[in-house]
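Number of protein chains: 2
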Amino acid sequence: MKDVAAHARVSLGTVSNVLNRPELVSERTRKRVLTAIGELGFVRNESARQLRGGSSRTLAYVVLDTSNPFFTDVARGVQDAADAAGLALFLCNSGEDRERQAAYLDLLEQQRVEGVLITPVDAADPRLTALARRGTPVVIVDRGAGPAHCSVTVDDMLGGDLAVTHLLDTGHRRIAFVGGPRMIGQVGDRIAGAERAVDRAGTGELTVLETARPNVAEGRRAGERLAGLPAAHRPTAAFCANDLLALGLLQQMVRLGLRVPDDMAIVGYDDIEFAEAAAVPLTSVSQPRYLLGRTAAELLLAEARGDGAHDHEQLVFAPELVVRASTRLIPVSRRA
Amino acid sequence: MKDVAAHARVSLGTVSNVLNRPELVSERTRKRVLTAIGELGFVRNESARQLRGGSSRTLAYVVLDTSNPFFTDVARGVQDAADAAGLALFLCNSGEDRERQAAYLDLLEQQRVEGVLITPVDAADPRLTALARRGTPVVIVDRGAGPAHCSVTVDDMLGGDLAVTHLLDTGHRRIAFVGGPRMIGQVGDRIAGAERAVDRAGTGELTVLETARPNVAEGRRAGERLAGLPAAHRPTAAFCANDLLALGLLQQMVRLGLRVPDDMAIVGYDDIEFAEAAAVPLTSVSQPRYLLGRTAAELLLAEARGDGAHDHEQLVFAPELVVRASTRLIPVSRRA
DNA sequence: CGTCTTTTATGAAACGTTTCAAAGGGTGAG
DNA sequence: CTCACCCTTTGAAACGTTTCATAAAAGACG
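Residue numbers (numbering that gives the first Met the number 0), protein chains in the order written: chain H, 0 to 335; chain E, 0 to 335.
Structure below.
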């Protein structure tokens, strides 16, 4: 900037004014400075700017797993909200790795981002509370939060309830829940919702098949386990904690010669794009992904921009069941 | 930091030494300073650090489309390489939007990132050359580059050739290429490869069905157009520019009652995770995605860390054909 | 033509670090 | 007891901006 000033024969302050409050500078001078900037290929140093200005005009979203399409949709919502507010978005992928997440949080705090959106590896990470206490607003995405943060979630218990109620309604009695690890709050909630549906119906039984991670490979493995059971005891329907699991399960069923939905009905969760394109289009619980991200970012902005007082909100969205071919009414004659 | 110094009754310089060269500081003092840091919840200001130190310890990857699984795999490779080098990774999603890409490039240059990996919206963006000329190393990912940059690509002509050669070998003569827009260099190369295969075989004909974008929806639309043709003239095989298109096409075929591969064989491109989980597991051209990202990042690091002289390399990886159920040898008796 | 007001430009301070030359304090050798 | 040397610690400069009080220039007015 000093070079620019020299080149345009003005003072440092004037160059800064051209950049930040051009209306204070005369037409002639402004042009001269802009020309100098062009000729020298000057690029503002954001660090210095930030150091002096105090704010970074940057937001961050720490994603749990970039390769899960659910989160990329959420990210689009976040992106749009950030764009609308004129903020840049730093996307970080923790890859479900606690350490990497911690490293990112440290880094982001050091960068003085204006706020952090995060789908954390552990629901209640003390690090997040500490971060918020020190002044960086934090909004938890797709996970419940204590009163210390805003959060945006979808009602997983309701989702589980919808899914299993649908299975019970279509005539299933032996139902498997496939998902895990169970300690993930969400998974627990979906199980609870599933159990609530069974209890309310007063009939049917729920078996939980826990998986190590919610991905296609684990879905396949679960499929193998289910297919291995004698048909008489085998669940006739599976409710999966997400669509990746459901697709894996579906694929394994097809591979092992079990028919979907006749031998095994499947309900997934998330309604990702591929749910519809699956071998048998997948019945799934749909979450308002884009809206989730967008709303989360808006909450964060409100907290970051708001002056002082702020009440943390815990927003809960309602999921919807999308029925497709992977579930179907069992004729009464064929019921167990 | 001043507060920490006061709290620990040492000078500013000592605090800095504790942080950066702890071996210079006596055990006792170091402990005292660390305690003060803990008590005050001090967090380094990265901007100031960077301003003084000159380097940002940050890399950026400007992704063309986060929701395309191809790029998330590439991103994993980039991520790992960045981690290994102790650098943070800034993931940006241009969403195929020229303006957003430009905005990100400006932002990143202002942030003084150590280097930029990018899959650009346009192959030859003068902005990229300018960026590199001003000192920010740029590596082009999955797109060819002029001699001004390093680049990492996969041989798309070879990929197209492999796919169509496979279709010709399995007995197909009327082959459709589904993909677009054609002006994307990659698409052009795949078409060229496909034509090369046809020419070499001296038999068969290739029809190009151009799509507006390479996604599932467009794949479905292409499927509709193909299915609408009279069976006598309809291509018996389709080679799609990517798996999203192929999955859309497959889905539409199934929906319209055409059998895959009997009525329509399909070859996709990218071999994404869902290719295998599709209604009919998809034959696809597999690209070394992870390696692509990792190598790109390594090239970038070499350029960024290297002192001065650097020869730009254009690395080309070879794709592989993965044969699955969506293509099958046509019995000689049934050939046209 | 002087005075007052408005517009435009300037210079210095401040932001929070890192770095480096130099000062201070011990220790051991002579 | 003195000197030299090593280990610690210190203080100040520098990084590249923004901001603000102030100076200079330019108009406006009587």
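Yeah, the Cβ is synthetic: ideal placement off N, Cα and C, and Gly gets one too.
In this structure, how does DSSP classify T150/E when only helix, strand and coil are distinguished?
Against the second sequence, residue 150/E aligns to sequence position 151. This sequence places Ser at residue 150/E; Thr is not what is there. Strand.
What's the C-alpha gap between D310/H and A240/H?
In the first sequence, counting from the first residue as 1, residue 310/H sits at position 311. In the first sequence, counting from the first residue as 1, residue 240/H sits at position 241. Roughly 32 Å separates the two Cα atoms.
Residues of chain H with CB closer than 7 Å to the CB of E108/E, please, in chain order.
Translated into the one-based positions of the second sequence, residue 108/E becomes position 109. What E108/E touches in chain H, judged by beta-carbon distance under 7 Å, is V42, going in chain order.
Could you please give me the residues that DSSP links to V62/E through a beta bridge?
In the second sequence, counting from the first residue as 1, residue 62/E sits at position 63. Bridge partners of V62/E: N92/E.
Give me whichever residues DSSP pairs with G267/H in a beta bridge.
Position 268 of the first sequence holds residue 267/H. G267/H is bridged to S283/H.
When the Cα of G35/H is compared with those of S25/H, A236/H, A5/H and R48/H, which residue comes out closest?
Counting from 1 along the first sequence, the entry for residue 35/H is found at position 36. Residue identity check: residue 35/H is Ala in the sequence provided, not Gly. The candidate whose alpha carbon is nearest that of A35/H is A5/H.
Give the list of continuous alpha helix (DSSP H) stretches no shorter than 4 residues that lie fully inside the region 216 to 262 of chain E.
242 to 254
Count the other CB atoms, across all protein chains shown, that sit within 10 Å of the CB of M263/H; report buried if there are 16 or more and exposed otherwise.
Here residue 263/H corresponds to residue number 264 of the first sequence, with the count starting at 1. Burial call: buried.
Assuming contact is defined by CB atoms lying nearer than 8 Å, are F68/H and S25/E in contact in what I supplied?
On the first sequence, residue 68/H is found 69 positions in, with the first residue counted as 1. On the second sequence, residue 25/E is found 26 positions in, with the first residue counted as 1. The question names Phe, yet the displayed sequence has Pro at residue 68/H. Taking 8 Å as the Cβ cut-off, P68/H and S25/E do not qualify as a contacting pair.
How do the region 195 to 202 of chain E and the region 41 to 59 of chain E stand: do at least 3 beta-carbon pairs fall below 8 Å, yes or no?
Between the region 195 to 202 of chain E and the region 41 to 59 of chain E there are fewer than three inter-stretch CB-CB distances shorter than 8 Å, so the stretches are not counted as touching.
For E319/H, write down the residues that DSSP places opposite it in a beta bridge.
Here residue 319/H refers to the residue found at position 320 of the first sequence. DSSP output for E319/H lists S285/H as bridge partner(s).
Under 7 Å Cβ-Cβ, which residues of chain E neighbour V215/H?
Translated into positions along the first sequence, residue 215/H becomes position 216. Chain order gives the chain E residues near V215/H as E272 and A276, where near means a beta carbon separation below 7 Å.
Does DSSP put V112/E in a helix, in a strand, or in coil?
The sequence position of residue 112/E within the second sequence is 113, counting from 1. In this structure, V112/E counts as coil in the three-state DSSP scheme.
How long is the line joining the alpha carbons of G114/E and D121/E, rounded to whole angstroms?
Taking the first residue of the second sequence as 1, we reach residue 114/E at position 115. Taking the first residue of the second sequence as 1, we reach residue 121/E at position 122. Approximately 19 Å, taken between the alpha carbons.
If we count the other Cβ atoms within 10 Å of its Cβ and call it buried at 16 or more, is E98/H buried or exposed?
Taking the first sequence and counting its residues from 1, the one referred to as residue 98/H is at position 99. Burial call: exposed.
When burial is assigned at 16 or more other CB atoms within 10 Å of the CB, is M252/H buried or exposed?
Translated into positions along the first sequence, residue 252/H becomes position 253. Label assigned to M252/H: buried.
Closest to D269/H by CA distance: which of I329/H, L104/H, G159/H and Q110/H is it?
Counting from 1 along the first sequence, the entry for residue 269/H is found at position 270. Comparing alpha carbon positions, the residue from I329/H, L104/H, G159/H and Q110/H closest to D269/H is G159/H.
For T202/H, is the classification buried or exposed, using 16 other Cβ atoms within 10 angstroms of its Cβ as the cut-off for buried?
Along the first sequence, one-based indexing puts residue 202/H at 203. Flag for T202/H reads exposed.
Would you say R293/H lies against chain E (beta-carbon separation less than 8 Å)?
As a first step, residue 293/H must be located in the first sequence, where it is residue number 294. No, R293/H does not count as interfacial toward chain E.
How would you write the range of the beta strand (DSSP E) that V207/E sits in, first residue to last?
Translated into the one-based positions of the second sequence, residue 207/E becomes position 208. Note, V207/E: beta strand (DSSP E), E204 to E209.
Measure the alpha-carbon distance for F89/E versus L291/E and round it to whole angstroms.
Against the second sequence, residue 89/E aligns to sequence position 90. Against the second sequence, residue 291/E aligns to sequence position 292. F89/E and L291/E: Cα-Cα distance of roughly 18 Å.
Going along chain H, which residues have a C-beta under 8 Å from L246/E?
Against the second sequence, residue 246/E aligns to sequence position 247. The answer, in chain order, is F273 and A276.
Against T65/H, what residues of chain E qualify as contacts under a CB-to-CB distance less than 7 Å, listed in chain order?
In the first sequence, residue 65/H corresponds to position 66, counting from 1. Residues of chain E whose Cβ lies closer than 7 Å to the Cβ of T65/H are, in chain order, T71 and A74.
According to a CB-to-CB cut-off of less than 7 Å, which residues of the region 105 to 136 of chain H neighbour chain E?
L106, E108, Q109, Q110, R111 and R133
Whose C-beta lies closer than 6 Å to the C-beta of R327/E among residues of the same chain, with five residues either side of it excluded?
Working through the second sequence from its first residue, we reach residue 327/E at position 328. For R327/E, where only same-chain residues beyond five positions count, the Cβ hits under 6 Å are P260.
Could you round the C-beta distance between T316/E and V163/E to whole angstroms and report it? I think they count as a contact, below 8 Å.
Position 317 of the second sequence holds residue 316/E. Position 164 of the second sequence holds residue 163/E. Looking at the sequence provided, one finds Phe at residue 316/E rather than Thr. So it is not a contact: roughly 20 Å between Cβ atoms.
Is the shortest distance between the beta-carbon of P68/H and the beta-carbons of chain E less than 8 Å?
Your numbering for residue 68/H matches position 69 in the first sequence. So yes, P68/H belongs to the interface.
Please go through the same chain and pick out, in chain order, the residues whose beta-carbon is closer than 7 Å to the beta-carbon of N16/H, but skip the five residues on each side of it.
Mapped onto the first sequence, residue 16/H falls at position 17. Answer for N16/H: L23 and V24, listed in chain order.
Going along the region 238 to 263 of chain E in order, which residues come within less than 8 Å of chain H, judged by CB to CB distance?
L246, G247, L249 and Q250
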